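Sequential numbering of the sequence shown, starting at 66, is according to the working numbering.
We put the CB at the ideal spot given by N, CA and C, even for glycine.
Please read all numbers here as calculations on a predicted model, not as lab measurements.
The structure under discussion appears below in the form of structure tokens.
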Amino acid sequence: MRSRPLLVAVALISSSVAALAANWPQYRGPGASGLDDSAALPTNWNIATGENLRWQTPIPGLAHSSPIIWGDRIYVATAVQAGKSELKVGLYGNIDSVKESEPNQWRLLALDKATGKVIWNILGHDAVPRVSRHTKATHCNSTPATDGRHIVAIFGSEGLFCFNQAGKLLWKKDLGPMDSGYFKVPTAQWGFASSPIIHDGKVVVLCDVQKDSFLAVFDLADGRELWRTARRDVPTWGTPTIVTAAGRTQIAVNGWHHTGGYDFATGQELWRLDGAGDIPVPTPIVAHGLIYFTSAHGQMRPMRAIRPDASGDLTPRDSGAPNPASAAIVWNHDKKGNYMQTPIVVGDLLYGCADIGLLTCFDAKTGETRYSERVSSQGQGFTASPVSDGRHVYITSELGNVFVVPATDKFSIVATNRMDETCLATPAVSEGMIFFRTREKLVAVGRQR
66 MRSRPLLVAV ALISSSVAAL AANWPQYRGP GASGLDDSAA LPTNWNIATG ENLRWQTPIP
126 GLAHSSPIIW GDRIYVATAV QAGKSELKVG LYGNIDSVKE SEPNQWRLLA LDKATGKVIW
186 NILGHDAVPR VSRHTKATHC NSTPATDGRH IVAIFGSEGL FCFNQAGKLL WKKDLGPMDS
246 GYFKVPTAQW GFASSPIIHD GKVVVLCDVQ KDSFLAVFDL ADGRELWRTA RRDVPTWGTP
306 TIVTAAGRTQ IAVNGWHHTG GYDFATGQEL WRLDGAGDIP VPTPIVAHGL IYFTSAHGQM
366 RPMRAIRPDA SGDLTPRDSG APNPASAAIV WNHDKKGNYM QTPIVVGDLL YGCADIGLLT
426 CFDAKTGETR YSERVSSQGQ GFTASPVSDG RHVYITSELG NVFVVPATDK FSIVATNRMD
486 ETCLATPAVS EGMIFFRTRE KLVAVGRQR
């Protein structure tokens, strides 16, 4: 049975997420939850006719970076080069990189949330990329983060940048060659994707790359490095998550050989777990007093729930001898995880969508599978992570088809909406509006006033 202090701490986290729902300050919103239940989103819209379409604004360049929101502003990052950049979507196993030698302009834009008007568009960095990208990736995959006064962004392999509300560069940090790619073929460079997060006046950065990987915390005010902890794992693409529970604040990170938790104040390892998919992409999420992890590729694609008070090495022993620390793994499914998408918890249910469009619904507390169904019979890939208004779950395919599923334990498709462009970025949700970053636009969908 969980202790009362742990339950109280988790309840405080849930209330804090609800209070910040109007703001969507990082990848997948508060705590990477993907949830804003403050108002109902429309289930149907039509880009061609304008039904439930608030506005659409062209965004230059190529990026999978998601929009973030604070107050009446939306911030979005992009990478711009001469001509139209190649992007290959779909279900394929090609590990090739895109060979490019032209300079990119990494830019940060601020837009008015109500109208989509561009308030400012500033140049953050101009250079030839230091690392190549995958044919399905971009040089701007990482989502910025904000506390309302600062905006921090990772511009591909070029480092960490911090701006103020007016778009003025305050500081930047060179993080070294951020070479993310296939660990079996080091020359296959795929592009960096982990996003920075902000907590308690500090910036958290996870840099799992081919060599010299680390987790680090920087001072938000001036960029001073406060601590750095070395990691030994294959390249990963997930974003770290802050977990405040069990009397401590930790940073949860996904991995293959080193999924784990680190002390937020010091960087000291609190717990670790070996064994998962060998190309870890999804971000950890927190709900019901548990931390949820998933990954895929290779022999395993687990979906698992771990107690936040875990300590030590949780890895089950091959000899069959019991490992007391493994009791912190509350439930685990070895073959029901996700490759690209971060799962989402809505109420008592956890939803995970595989890259082939297979949506699996679990009881979030027990791990019991409620259903596992394909949202589409067509051969289309799914990269963007699902989001929800607490009533429905919105699942976007790479072709820009948005499938609306009830947030219940019974599967059905309420509606399918076309964005008319490819879409690999995870949407943002705020106050009854959902914001899609498609190949060439930022699109605001909301009920007609």
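Item                                                                                                                                                                     : Value
Enumerate in chain order the residues of its own chain whose CB-to-CB distance from Leu432 is below 6 Å, with the five nearest sequence positions on each side excluded. : The amino acid occupying residue 432 in the given sequence is Gly; Leu does not appear at that position. For Gly432, where only same-chain residues beyond five positions count, the Cβ hits under 6 Å are Trp396.
Can you check which of these residues, Ile421, Phe427, His398, is closest to Val410 by C-alpha distance?                                                                 : Phe427
Measuring straight from C-alpha to C-alpha, what distance separates Pro381 and Pro387?                                                                                   : 7 Å
Skipping 5 residues on each side, what residues in its chain have a beta carbon closer than 7 Å to that of Glu290?                                                       : Ala281, Phe283
Go to Tyr157, then tell me how far its beta strand (DSSP E) extends in each direction, as first and last residue.                                                        : Careful: Tyr157 lies outside any beta strand (DSSP E) and carries neither H nor E.
For the pair the region 110 to 121 and the region 176 to 187, tell me if three or more CB-CB distances fall below 8 Å.                                                   : yes
Could you tell me the boundaries of the beta strand (DSSP E) in which Cys227 lies?                                                                                       : 225 to 229
Between the Cα of Gly256 and the Cα atoms of Ser450, His204, Gly99, which residue gives the shortest distance?                                                           : His204
For Thr425, which option in Pro367, Gly232, Leu464, Glu463 has the closest C-alpha, if you only look at C-alpha atoms?                                                   : Pro367
Considering only DSSP beta bridges, list what Phe279 is partnered with.                                                                                                  : Cys272, Ala295
Among all the DSSP beta bridges, which residues are the ones paired with Tyr459?                                                                                         : Val452, Val469
For Tyr247 and His457, I'd like the C-alpha separation in whole angstroms.                                                                                               : 35 Å
Using a threshold of 9 Å, state whether the C-beta atoms of Ala113 and Arg502 are closer than that.                                                                      : no
When DSSP labels each residue in this structure, what does Gly96 get in the three-state scheme?                                                                          : helix
Return the residue from the list Gly94, Ala429, Trp336, Cys227 that minimises the CA-CA distance to Gly288.                                                              : Cys227
If you drop the 5 nearest sequence neighbours on each side, which residues of the same chain put their C-beta closer than 8 Å to that of Ser477?                         : Val470, Pro471
Could you spell out where the beta strand (DSSP E) holding Ala352 opens and where it closes?                                                                             : 350 to 352
Taking only three categories from DSSP, how would you classify Pro389?                                                                                                   : helix
Cα separation between Leu414 and Val154?                                                                                                                                 : 30 Å
Is the Cβ-Cβ distance between Tyr142 and Gln170 less than 9 Å?                                                                                                           : Before going on, a small fix: residue 142 reads as Ala here, not Tyr. The answer is no: Cβ separation not under 9 Å.
On a Cα-Cα basis, can you pick out the residue from Thr434, Glu486, Thr294 that is closest to Ile124?                                                                    : Glu486
Mapping the DSSP letters down to three states, classify Gly412 as helix, strand or coil.                                                                                 : coil
Would you kindly work out how many angstroms separate the C-alpha atoms of Arg504 and Leu489, rounded to a whole number?                                                 : 8 Å
Specify the secondary structure class of Ser131 as computed by DSSP and reduced to three states.                                                                         : coil
Pull up the CB-CB distance for Glu334 and Gly325, whole angstroms please, since I reckon it's below 8 Å.                                                                 : 6 Å
How would you call Glu151, buried or exposed, if buried means at least 16 neighbouring beta carbons within 10 angstroms?                                                 : exposed
Counting only the same chain and skipping the five closest in sequence on each side, list residues whose C-beta sits under 6 Å from that of Arg514.                      : none
So, are the CB atoms of His323 and Arg296 less than 9 Å apart?                                                                                                           : yes
Distance check for Ser207 and Ser259, CA to CA, integer angstroms please.                                                                                                : 6 Å
Where does Ile187 land, buried or exposed, given buried means 16+ other C-beta within 10 angstroms?                                                                      : exposed
In angstroms, rounded to a whole number, what distance separates the CA positions of Leu173 and His398?                                                                  : 40 Å
Starting from Lys164, follow the beta strand (DSSP E) in both directions and report where the run begins and ends.                                                       : From DSSP, Lys164 is part of no beta strand (DSSP E); its letter is neither H nor E.
Just mark Pro70 as buried or exposed, buried being the case when its beta carbon has 16 or more other beta carbons within 10 Å.                                          : Because Pro70 carries a pLDDT of 46, less than 50, the predicted location of this residue cannot be relied on, and no value is offered for it.
Residue range of the beta strand (DSSP E) that Ala493 falls in?                                                                                                          : 493 to 495
Is DSSP giving Gly446 helix, strand or coil here?                                                                                                                        : coil
Tell me which residue opens and which closes the beta strand (DSSP E) that Gly189 is part of.                                                                            : 183 to 192
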